[in-house]
Structure formats: structure tokens, C-alpha cells
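K.L.:
Residue numbers (UniProt numbering): 1 to 662.
1. Taking the CB atoms as reference points, tell me whether residue 136 and residue 71 lie closer together than 8 angstroms.
2. Rounded to whole angstroms, what is the Cα-Cα separation between residue 662 and residue 524?
3. Which parts of the segment 94-126 are runs of the beta strand (DSSP E), unbroken and 3 residues or longer, counting only runs that do not cross its ends?
4. Could you give the first and the last residue of the continuous alpha helix (DSSP H) run that contains residue 474?
5. How many Å lie between residue 474 and residue 444 at the Cα?
6. Going residue by residue through the segment 416-470, where are the continuous beta strand (DSSP E) segments of at least 3 residues, counting only ones entirely within it?
7. Name the two residues that bound the continuous beta strand (DSSP E) containing residue 269.
8. Taking residue 342 as the reference, give the member of 326, 349 and 348 with the closest Cα.
9. Using three-state DSSP, classify residue 531 as helix, strand or coil.
10. Quick one: Cα of residue 258 to Cα of residue 295, how far?
11. With residue 522 as the anchor, note down where its beta strand (DSSP E) starts and where it stops.
12. Would residue 76 and residue 139 qualify as a contact pair, given that the criterion is a beta-carbon distance under 8 angstroms?
13. Excluding the 5 residues flanking residue 243 on each side, which residues of the same chain have their C-beta closer than 7 angstroms to its C-beta?
14. Whole angstroms is fine: what's the gap from residue 89's alpha carbon to residue 110's?
15. Taking residue 354 as the reference, which of 492, 328 and 348 has the closest Cα?
16. Would the segment 308-317 and the segment 253-272 be scored as touching if the rule is three or more Cβ pairs under 8 angstroms?
17. Go to residue 553, then tell me how far its alpha helix (DSSP H) extends in each direction, as first and last residue.
18. Can you give the Cα-Cα distance for residue 460 and residue 396, rounded to whole angstroms?
19. What is the rounded straight-line gap between the Cα of residue 571 and the Cα of residue 279?
20. Give a single yes or no on whether residue 249 has its beta carbon closer than 7 angstroms to a heavy atom of the ligand FMN.
21. Note the first and the last residue of the continuous beta strand (DSSP E) segment covering residue 650.
22. In the DSSP assignment, find the unbroken alpha helix (DSSP H) run with residue 67 in it and report its ends.
23. Just how far apart, CA to CA, sit residue 649 and residue 488?
24. Secondary structure at residue 314, three-state DSSP: helix, strand or coil?
25. Skipping 5 residues on each side, what residues in its chain have a beta carbon closer than 8 angstroms to that of residue 261?
26. Are residue 346 and residue 614 closer than 8 angstroms when you measure CB to CB?
27. Tell me the residue span of the beta strand (DSSP E) that contains residue 233.
28. Determine the closest residue to residue 246 out of 44, 80 and 62, with distance taken between C-alpha atoms.
29. Would DSSP call residue 246 helix, strand or coil?
30. Measuring CA to CA, which of 240, 610 and 506 is closest to residue 30?
31. Which residues mark the beginning and the end of the alpha helix (DSSP H) in which residue 397 is found?
32. Drop a sphere of 10 angstroms on the beta-carbon of residue 65, count the other beta-carbons inside from all chains shown, and report buried for 16 or more, exposed for fewer.
33. Taking the alpha-carbon of residue 583 as reference, which of 499, 313 and 380 has the nearest alpha-carbon?
34. With a threshold of 7 angstroms on Cβ separation, who are the neighbours of residue 428 within its own chain once the five nearest residues in sequence on each side are excluded?
35. Quick test of the definition: if touching needs 3 or more C-beta pairs under 8 angstroms, does the segment 207-216 touch the segment 141-151?
36. According to DSSP, is residue 44 helix, strand or coil?
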């Protein structure tokens, strides 16, 4: 990795505004310890980075201007970092954090050493809002590549617990930061606004970076004595210990955070779309079927208490049922299966699995070690499987349904139909094209009953993966929970008025600003038109919402929102609302391709009374793309008390958005 690692490391103990920032004792120690980890050779469990690739800012050097300038010169404009490459870029910050209010919305900020002072020009020095840093990270991803990691050992809750107690000194300002003038960082937004994406640093759907934070947004990051006899941030000390002790080439970001020891009143946070990728690598760990990590648990008080048991964070929403079979792979293997686990207790967001009890002589489960992964080998769920009919003249039957069953990847969501009557999908050849006809997909059938594709040689070989990708798209688009009819949850869509951080619904469009009528939105193509959404919860339940966009032309699924704060706090309380694409977030733009006169897509909202892990549903690459490969799935090892799951439920709704040429 060595020469491909670039880092900006910031540590601040002593702030200029001493009345607002208590002096820290461990932030500079954190920055130095992290630099040592970067520089130590791999043989000493470091990254072996080159010293010239590391920029370190301590105390008085970590001014607002110094931090922003270093980011631009060391990352954005650094000729040593190849454009559009895979270099590892790391931003580490240890110091105070705070919040500021923008039009009633709380914004997280990082506190430079000179915040709340006056510079040589007589101007007030402000904090660095997370959306500004987020914009810089998005620019870095666009220019240099997506292998970006942000590590924050700071917090933003502040105010109340300013004293040091038995849990350690808090890394948060004593009061909120002053609101940053809208014009201060305006030069970062060309043409007066940013591109159409969410630049909030904490955005769980961020594609530009992985965020590893010392605590959740409502918690406090603290310092404490470490094994080296020095004061450190408790998060940094534990993180470095795991970074040096784990096989990073087999460890994902989510697993890294899950492996950290529990900290009192402090829950480390992992965010970003690529949190399932390998640490400091940026690539997925297991190309192929969705794979889950899992943890040994005890299930006392059930009929299976005498069997070894594990928990996997997939459940009824994903289509798992009692009897679903999981094949287990060792950490270093991408294909070798050595045992089978069977789903016995399935809840909304997790499944308890045990060895196959039909074969007591099979003891291969004893070889399961930490880091082993499970993939679904047999769904045992007829409702999830699509039946595909191919005629006798279809040219690619042997590729799609090979006689060598090992070539047909386990866990796929389709089987061959004997007749066209009752089939979900029909495949045929016409004019050197593959013709795909959808029969039972009600939502997709409204906008795209047929798909045509000219197959390249590689696509013919990967035809099972392509069809599986299309079927997965349809399955989650059509997915509903008929057993639980939730009322009081609605999804509104708005034309956005104004610019971040104070954009809001434009009441001139739609009914009181809401464009949705009977689950449908009709738009006319227009330049510089941006849109946002409001999720309204009048159900009487605290909910966890997940918003996706389904593109029926490319069969892609984009994740637009998921809860940022782990498994505990609901972001959508009963009687409240949640917005996407408004306020501090930039709006969402819909547009037509040059050869299109109309286009449609589905905005789908899943919601549940408990936290789910649905980010893996996203399918960023089109199955129609010649380079398409199936997605992977990794998951955290957190265990949820099975006794609390019975009353938890989920539901879904969607809005069809259609745009026509002006």
C-alpha cells in the first residue's frame, strides 16, 4: 500500500478562544499515534506510507485557512495522486466539534484552532461546516477516486457536561458555533449551487467517502489514559489497536467498527455507501453473491437451545424464511464452501441459524472462525423466486441454465419455467437481440413491459448474473408487506425553492407544494429544476425510513436515504417529518437523455419499527452493462436481543415519477 497512501492528520489540544474550548490533553497524541501507524512498515502492522505523503497539522497550525488550504494542496491539487485512480486518501481529525443552527436545522461542524477569534483582516473566524468539508470530499472523489476515509475523534453534542468526570474529558465546544455566513464558502459552489447530491459529512448514503466517527451525533467523544501511558481519545486508542491487530485485507469498515470494544456512553459510527468495502482499499471483499458476517449467540428458552447458533443480519424484508440455507466460506476463500447453516428463527432484521440438524454426524460447523462469511445457497421461499420461460429456439439456454449446476450460482432468484403459461418472465431472440418480457411485475409493467439487449460475448457467459440482477430489481421494486398495512405514513415530493443550507418546498408547484397525486408525479423537463422529499409519519410509531430510486431503464437502484445513527434512535419519530434533498442538502435533479422524450422511475420508501440493514439492496451498476458483476454484501456483527423482536414490523410505499420533454 505504502506509496499509494496520502493523509492529512490534524490534532488540536489548545484553542485560541480558551473561554469557549476547554484545553484537551490527548488530541495531539492521537494525531501523532495515527501518523506512526501510517508510517510503520507492514511488518510492524502499519501501512508503510511514505513520510512525504503525510501532512500533519498540530495546534496553532490547524487554523481554518490552514486546514482548507492543506486539503486543496495535499489532496485535490497533488500531482502525486493519480487522477481517477485508487490511491488511499485519509483525513484524520482529533479535536473539538460543535453544532451550529442554520434556519432551525442543527449542522455539525469541526472546530479549527482559531474559531471564534478575529483574523488579521478583522473578520470573525468561523467553524468548518460538515457540508463544506463534504463538498471538498466529493470533489476529491470526482478528481482522484473514491478510496477516501474520514476519521473523526470529536463530538458535537457539547454544552451540558463540560467538566471532566470518571468517563473522561469531552471533546465538544461549550456552546454552539456561530452560524457561518452563506457567502463565506460560496466559492466552492460553481454557478451559485453545488451539484445535485448530499454533501453532509454524516450523510449515510455518501458515495464520496467512508466516515469513521468516535460517537453518534447525540453522544460525546471522550479522552482517557491509554496503555502507552499517554492521554488519548478513547476511540482513537481502540481504533488503532484494531487497525494493527486485524487482517485489513479481509476486514470491511463495518466489521472494523463492530470489532471495537464497547465504550461507555460512546458508540463508534460507520457511514457511507462503501462501508462494506475493505479498510483503506475501497474494493469489495467478496465479489459474487451477497455475503454476511455472523456471530455466535445463545438462544436459551427455545427448542434449539442445545444447538450451536449464530445471528445473521438479514430477515423477512430480504425474503429469508425458516429453512433458508446459508453456505459458509472461510475468510480467505471466495468460493470454497465447508458447511451449511439453516435459518430457524427469522425476524424483521435478523435470522438465527443453526447447523443442519438432519445430519447430526456433520460437525464441520466447528471449523467456523471469526471472519467466515455466509451466502444464501437455497432460499426455500417460493414467493421470492421468478420463473423464467425460454422457447426451444432460444440460443442461450445452456448459458442461462447450465447442466453443470456449479456454474449456476447458488442463491439466485430465478428458475426455469416449464411452460410460458404462468411464467414471470419470457426470454427470446429477435434480430440478434435478447428480448425480455415481464408478465407478473405490476409496477414495472406500467412503464417497461419489455427490454431489449444486444449481448456481447462476455454478457453471454454472464447471462445468469444479468438475469439475476434484473430479477432482484423487480423483487425489491414490487416488495410489500401485506401482513402489516401501516397507515399514516406518506411520501411527498416538492419543487425546491432556494439554495442550501436553507432550501425549502416551493408552494407554487403542486397542491400546497406537494407534487404527488395518487402515488404519481408528472414533471416537464426543465433546466435548473431541483426536487426534494418529505416523509411524514402520522402512524403513531417511531420509524426507521429507507429511500431508494429505481430506474427501470437501466435497472439500477440508488440509495437516497438511510438512518445515520445505527440501530437505536429512530430518525422519524411518531408525529414528525423527515426531509431529503432540502435544507442543508442539495436538491435532486431529474433529466432526460438526449434521445429521450419521456422517462419514468420509482421512488420507493421502506420503513420499519426497528433498524434494518437495507443499504445492500442498492445496485449502482446496471445489469445491462457489459462489465456488470453481481454485488457483494457484508454486515456488522451486532447481536440484537431476540426477545424484543416480535412486535417489530415493516412496510413500503412508492411514487412513480414521469418526466416528459418540454
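Built from N, CA and C at the ideal position, the CB exists for glycine as well.
P.N.:
Based on what the coordinates show:
1. Against the chain shown, residue 136 aligns to sequence position 136. Against the chain shown, residue 71 aligns to sequence position 71. Result yes, Cβ atoms of residue 136 and residue 71 sit closer than 8 angstroms.
2. In the chain shown, counting from the first residue as 1, residue 662 sits at position 662. In the chain shown, counting from the first residue as 1, residue 524 sits at position 524. Across the structure, residue 662 and residue 524 are spaced so that their CA atoms are roughly 6 angstroms apart.
3. Qualifying beta strand (DSSP E) stretches, in chain order: 97-102 and 105-110.
4. The residue labelled residue 474 in the question sits at position 474 within the chain shown. For residue 474, the enclosing alpha helix (DSSP H) stretches over residues 463-478.
5. Mapped onto the chain shown, residue 474 falls at position 474. Mapped onto the chain shown, residue 444 falls at position 444. Approximately 7 angstroms, taken between the alpha carbons.
6. 425-430, 433-438 and 450-453
7. Position 269 of the chain shown, counted from the start, is the residue given in the question as residue 269. Counting along the chain, the beta strand (DSSP E) containing residue 269 begins and ends at 269-271.
8. As a first step, residue 342 must be located in the chain shown, where it is residue number 342. Nearest C-alpha to residue 342: 326.
9. Here the question's residue 531 lines up with position 531 in the chain shown. In the structure shown, residue 531 sits in a strand (DSSP, three-state: E or B).
10. Residue numbering aside, residue 258 sits at position 258 when the chain shown is read from its first letter. Residue numbering aside, residue 295 sits at position 295 when the chain shown is read from its first letter. Looking at the two C-alpha atoms, the distance is approximately 11 angstroms.
11. Working through the chain shown from its first residue, we reach residue 522 at position 522. That run of the beta strand (DSSP E) goes 520-524.
12. As a position in the chain shown, residue 76 is number 76, starting the count at 1. As a position in the chain shown, residue 139 is number 139, starting the count at 1. Yes, Cβ-Cβ distance for residue 76 and residue 139 is below 8 angstroms.
13. Position 243 of the chain shown, counted from the start, is the residue given in the question as residue 243. Taken in chain order, the residues that qualify are 37.
14. Position 89 of the chain shown holds residue 89. Position 110 of the chain shown holds residue 110. Roughly 19 angstroms between the two C-alpha positions.
15. Taking the first residue of the chain shown as 1, we reach residue 354 at position 354. Measuring from the Cα of residue 354, the nearest candidate turns out to be 328.
16. no
17. Along the chain shown, one-based indexing puts residue 553 at 553. Taken as a continuous stretch (DSSP letters only), residue 553 belongs to no alpha helix (DSSP H), as it is neither H nor E.
18. Locating residue 460 in the chain shown gives position 460, where the first residue counts as 1. Locating residue 396 in the chain shown gives position 396, where the first residue counts as 1. Near 7 angstroms, if we compare the C-alpha coordinates of residue 396 and residue 460.
19. On the chain shown, residue 571 is found 571 positions in, with the first residue counted as 1. On the chain shown, residue 279 is found 279 positions in, with the first residue counted as 1. CA-to-CA, the gap between residue 571 and residue 279 works out to about 28 angstroms.
20. Looking for the ligand FMN in the displayed structure turns up nothing, as the structure carries no ligands at all.
21. Against the chain shown, residue 650 aligns to sequence position 650. Segment 650-660, the beta strand (DSSP E) holding residue 650.
22. Walking along the chain shown from the start, residue 67 turns up at place 67. Residue 67 -> alpha helix (DSSP H) spans 64-71.
23. Reading the chain shown from its first residue, position 649 is the one you call residue 649. Reading the chain shown from its first residue, position 488 is the one you call residue 488. Residue 649 and residue 488 have their C-alpha atoms spaced approximately 14 angstroms apart.
24. Position 314 of the chain shown, counting from 1, holds the residue named residue 314. In this structure, residue 314 counts as coil in the three-state DSSP scheme.
25. As a first step, residue 261 is located in the chain shown; it is residue number 261 there, counting from the start. If we look at residue 261 and ignore the five residues flanking it on each side, its Cβ neighbours are 238.
26. The sequence position of residue 346 within the chain shown is 346, counting from 1. The sequence position of residue 614 within the chain shown is 614, counting from 1. Not closer than 8 angstroms, so no.
27. In the chain shown, counting from the first residue as 1, residue 233 sits at position 233. Looking at the DSSP string, the run of the beta strand (DSSP E) that includes residue 233 is 231-233.
28. The sequence position of residue 246 within the chain shown is 246, counting from 1. Looking at the Cα atoms, 44 is the closest of the given residues.
29. As a first step, residue 246 is located in the chain shown; it is residue number 246 there, counting from the start. Of the three classes helix, strand and coil, the one that applies to residue 246 here is coil, per DSSP.
30. The residue you call residue 30 lines up with position 30 of the chain shown. When only C-alpha atoms are compared, the closest one is 240.
31. Stepping through the chain shown from its first residue, residue 397 is reached at position 397. Unbroken alpha helix (DSSP H) run through residue 397: 397-400.
32. What you label residue 65 is simply residue 65 of the chain shown in a count that begins at 1. Exposed, because fewer than 16 other Cβ atoms sit within 10 Å of the Cβ of residue 65.
33. Translated into positions along the chain shown, residue 583 becomes position 583. Closest by alpha carbon: 499.
34. Within the chain shown, the letter at position 428 stands for residue 428. If we look at residue 428 and ignore the five residues flanking it on each side, its Cβ neighbours are 391, 394 and 435.
35. yes
36. Looking up residue 44 in the chain shown gives position 44. If DSSP states are grouped into helix, strand and coil, residue 44 belongs with the helices.
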